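The structure appears right after this line, and notes come after that.
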Amino acid sequence: MLYIDMDYFFAACEEVRHQELKGKPLVVGSSPESEKLKGVVQTCNYEARAFGVHSAMRTSEAYKLNPNMAYVQADWNYYEEISKRIMTLLSGYKARMEADSIDEAVLEFEVGSYEEALAIGKEIKGIVRDKTGLPCTIGISSGKIFAKMVCDSAKPDGLKAVGQDGIKEFLKDRSVGKIPGVGRKTEEKLAAIGIKTIGDLSQADPMVLIDLLGSFGKELFILANGTDTSSIVDNANVVSIGRERTLDSNAHSMREVESLIKMLTKEVIGEVRRNNFVFKSIGVKARYSDFTDRLKSRSLNNYSDSEELVLKTATSLLSDLVKEKPVRKIGVRVSSLASRGGQKSLF
Ligand SMILES: [Mg+2]
Numbered sequence: 021m022l023y024i025d026m027d028y029f030f031a032a033c034e035e036v037r038h039q040e041l042k043g044k045p046l047v048v049g050s051s052p053e054s055e056k057l058k059g060v061v062q063t064c065n066y067e068a069r070a071f072g073v074h075s076a077m078r079t080s081e082a083y084k085l086n087p088n089m090a091y092v093q094a095d096w097n098y099y100e101e102i103s104k105r106i107m108t109l110l111s112g113y114k115a116r117m118e119a120d121s122i123d124e125a126v127l128e129f130e131v132g133s134y135e136e137a138l139a140i141g142k143e144i145k146g147i148v149r150d151k152t153g154l155p156c157t158i159g160i161s162s163g164k165i166f167a168k169m170v171c172d173s174a175k176p177d178g179l180k181a182v183g184q185d186g187i188k189e190f191l192k193d194r195s196v197g198k199i200p201g202v203g204r205k206t207e208e209k210l211a212a213i214g215i216k217t218i219g220d221l222s223q224a225d226p227m228v229l230i231d232l233l234g235s236f237g238k239e240l241f242i243l244a245n246g247t248d249t250s251s252i253v254d255n256a257n258v259v260s261i262g263r264e265r266t267l268d269s270n271a272h273s274m275r276e277v278e279s280l281i282k283m284l285t286k287e288v289i290g291e292v293r294r295n296n297f298v299f300k301s302i303g304v305k306a307r308y309s310d311f312t313d314r315l316k317s318r319s320l321n322n323y324s325d326s327e328e329l330v331l332k333t334a335t336s337l338l339s340d341l342v343k344e345k346p347v348r349k350i351g352v353r354v355s356s357l358a359s360r361g362g363q364k365s366l367f
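My numbering puts the last residue of the sequence shown at 367; the count rises by one with no breaks.
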């Protein structure tokens with residue numbers, strides 16, 4: 021799989037339209053003066069990182085590190101527009117593709133060798149830079165998780181592949197926190213039993229890991245031993261009917277999104293019935309305030325066009341996602357469509 025992640029995306033987008041800022045330390049986020057020192061760095065370019073500035077840092081702290089940086093207010097509509105252009109470029113490739121966040125995507129190619137995959141990676145980097153002016157990093161490996169980790173290790177403007185024969189060596193000395201999905205809490209739990217690196221993890225007793233972390237412990241053990249079975253949710257080429265909407269303000273609980281789920285469900289069902297469709301899969305999407313996306317879906321045993329079922333399922337799927345982080349946008353979708361008459365699968 022090939023994982024593509026745009027480099028310092030929001031700041032790079034600003035450099036494209038503010039050429040005069042290129043080469044100077046630049047922070048995207050409200051300036052330290054404008055919000056009484058309460059703003060947060062959304063992202064910053066590498067010139068700013070050289071001073072120790074990083075995303076999620078208070079702009080007041082960034083200001084202390086270097087009082088002479090440029091500040092640009094985040095312009096989400098502009099970034100989403102550019103993101104759409106990049107995703108469109110990527111979806112031109114004959115590959116299964118999942119958009120992972122506003123500036124990250126993973127593509128699954130049928131290729132014969134890593135050399136071939138690297139050649140495709142090089143071509144994608146060139147096309148993205150030509151068409152958008154933006155740099156990106158590409159990581160290639162056997163599964164989505166490994167590809168993302170390889171990508172992270174090659175930033176910025178990198179292109180790197182790690183094949184099956186090199187993956188254990190690649191993982192060995194990295195801290196467990198480098199595995200996508202391993203947060204601070206899991207890291208602490210593992211550290212408490214003496215596991216700090218992925219190499220430690222690979223030699224742990226799997227039963228102990230399962231005791232500690234449930235099925236996630238088993239997944240981690242398998243990953244640490246060089247097998248990544250993570251699959252992608254093909255959300256670029258799915259034929260589906262869906263609606264999504266950005267919230268007025270970030271939601272922290274289901275209570276805040278209940279009425280929106282109802283509304284989106286009504287709209288989706290309206291279109292399903294107008295087209296005389298039935299569906300066999302129900303999915304949801306949450307875009308978090310940090311612009312990462314999470315998708316979840318559930319397959320049904322039988323075709324349906326029930327509004328009640330969509331509402332119930334979407335609510336239950338989203339309640340898992342809303343718990344994790346503040347949510348900025350939600351979506352409801354049905355797929356595996358068939359026409360009502362013969363119930364023959366259309367797609
Ligand atoms: Mg990025």
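All C-beta atoms, glycine included, are put in the ideal place defined by N, C-alpha and C.
All values reported here derive from a predicted model rather than from experimental measurement.
Return yes when at least one heavy atom of ligand 1 lies under 7 angstroms from the C-beta of residue i, else no.
i    : result
E135 : no
Smallest Cα separation from residue i: which of the options?
i    : options                : result
I242 : S222, L46, L191, M283  : S222
R263 : K238, M117, G290       : G290
K44  : D27, D25, C64, S50     : C64
D310 : I218, I302, E328, P346 : P346
K151 : D248, C33, I252, A224  : C33
H272 : I199, D325, I230, R348 : R348
Y323 : A358, R353, V73, Y23   : A358
N245 : K286, G186, E207       : G186
E189 : K168, I350, T217, A76  : T217
M274 : R78, L338, L233, V288  : L338
N296 : S173, S326, N270       : S326
R149 : R105, R116, T206, V196 : R105
R78  : L267, E136, V47        : V47
R219 : G197, S269, Y99, L233  : Here residue 219 turns out to be Gly, not Arg, going by the sequence shown. Checking every option, the nearest Cα to that of G219 belongs to G197.
G112 : I147, D123, L85, Y134  : I147
D268 : L229, V277, I261       : V277
D248 : A119, R360, A167, Y99  : A167
A76  : V292, E101, S50, I261  : S50
Would DSSP call residue i helix, strand or coil?
i    : result
G237 : helix
G197 : helix
S250 : coil
M227 : helix
M169 : helix
K364 : A caution first: K364 carries a pLDDT of 45, below 50, which makes its placement in the model too unreliable to give a value.
V304 : strand
D120 : strand
V330 : helix
G159 : strand
I215 : coil
S336 : helix
A244 : helix
S309 : coil
S75  : coil
Output the boundary residues of the beta strand (DSSP E) element that contains residue i.
i    : result
E344 : Neither: E344 is in no beta strand (DSSP E) and is coded neither H nor E.
F190 : Segment 187 to 192 is the alpha helix (DSSP H) holding F190; no beta strand (DSSP E) there.
D12  : Since the first residue shown for the chain is 21 and the last is 367, residue 12 is missing from the structure and cannot be characterised.
K180 : 179 to 181
L22  : 22 to 26
L41  : Here L41 belongs to no beta strand (DSSP E), and DSSP marks it neither H nor E.
V47  : 46 to 48
I'd like the span of the alpha helix (DSSP H) that includes residue i, first residue to last.
i    : result
D150 : 134 to 152
W102 : With the sequence shown as reference, residue 102 is identified as Ile, and Trp is not the correct amino acid for it. That run of the alpha helix (DSSP H) goes 96 to 111.
S319 : First-last for S319: 313 to 324, but that is the beta strand (DSSP E), not the alpha helix (DSSP H).
M283 : 278 to 294
E207 : 204 to 212
T84  : Before going further, note that residue 84 is Lys rather than Thr in the sequence given. From DSSP, the alpha helix (DSSP H) with K84 extends over 79 to 85.
R69  : 66 to 69
A90  : That residue, A90, is in no alpha helix (DSSP H); its beta strand (DSSP E) goes 90 to 92.
A32  : 29 to 37
Please find out if some non-hydrogen atom of ligand 2 comes closer than 7 angstroms to the beta-carbon of residue i.
i    : result
K114 : Inclusion of ligand 2 in the displayed structure is not the case, the ligand content consisting of ligand 1 alone.
- Taking any heavy atom of ligand 1 as the mark, which residues have a C-beta closer than 5 angstroms to it, listed down the chain? This criterion selects D25, M26, F29, D123.
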